[in-house]
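Written below as structure tokens is the structure these notes are about.
In my numbering, the protein residues as written are 81 to 303.
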């Protein structure tokens, strides 16, 4: 068994872990202020934006991947602009994979943070403001410590979701070894090549990882 573990290519897992970490960092920095705005500010387009944010929960990955691939293509205005003025290509690159992953995993980071902030009493926020604290200090010293379990849950779920992504990753990144070939794609290719042993090992690792993640989330909920 040990010999089998040493013989398989671990690069797809390293790419998956790298993608998951980068995605979680970006989403966390983006969703904390976004959840703050949605919780404590009122504006007309709030419900529309909330629907757009949660849309990836119900849309097939192939739909999101298809439109992002068109957007990233050099034949679109956006893709042509990036390539012409900045020499940036997003289709079938790790950078494009990160953007696609952030869009598709957005609700998994946003929803737990938004729900947790919505549970905080507005009296606590008003008390902080009455003591002369600005919004940033209130967020840092009052809000974030109060929603620590939700933060951990959001990070863990987003990380696990990114690790398991397949459809959108395949459409945007393809299968470039060491660049865009993640663990889920490695399983698919192993099955295509009838290499069931490698597919089994890859699948078992992801299964164990997913179980640990869900167990961690459930334990956090009970705290």
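Cβ atoms here follow ideal geometry from the backbone N, Cα and C, with glycine treated the same way.
Simplified DSSP assignment, three categories, for residue 203:
helix
Which term fits residue 262, buried or exposed, when burial requires 16 or more other beta carbons within 10 angstroms of its beta carbon?
buried
Could you give the distance in angstroms between the alpha-carbon of residue 110 and the alpha-carbon of residue 278?
37 Å
Assess contact between the stretch 146-154 and the stretch 162-174, defined as three or more Cβ pairs (one per stretch) separated by less than 8 Å. Is contact present?
yes
Whose C-beta lies closer than 7 Å to the C-beta of residue 293 among residues of the same chain, with five residues either side of it excluded?
236 and 240
Measure from the alpha carbon of residue 199 to the alpha carbon of each residue in 226, 129, 298 and 176, then state which is nearest.
226
CB of residue 185 within 7 Å of CB of residue 238, strictly:
yes
What are the complete alpha helix (DSSP H) segments, minimum 4 residues, inside the stretch 92-157?
126-134 and 141-152
Quick one: is residue 210 buried, meaning 16 or more other Cβ sit within 10 Å of its Cβ, or exposed?
exposed
Considering only residues of the same chain and omitting the five flanking positions on each side of residue 88, which have a CB-CB separation below 7 Å?
278 and 281
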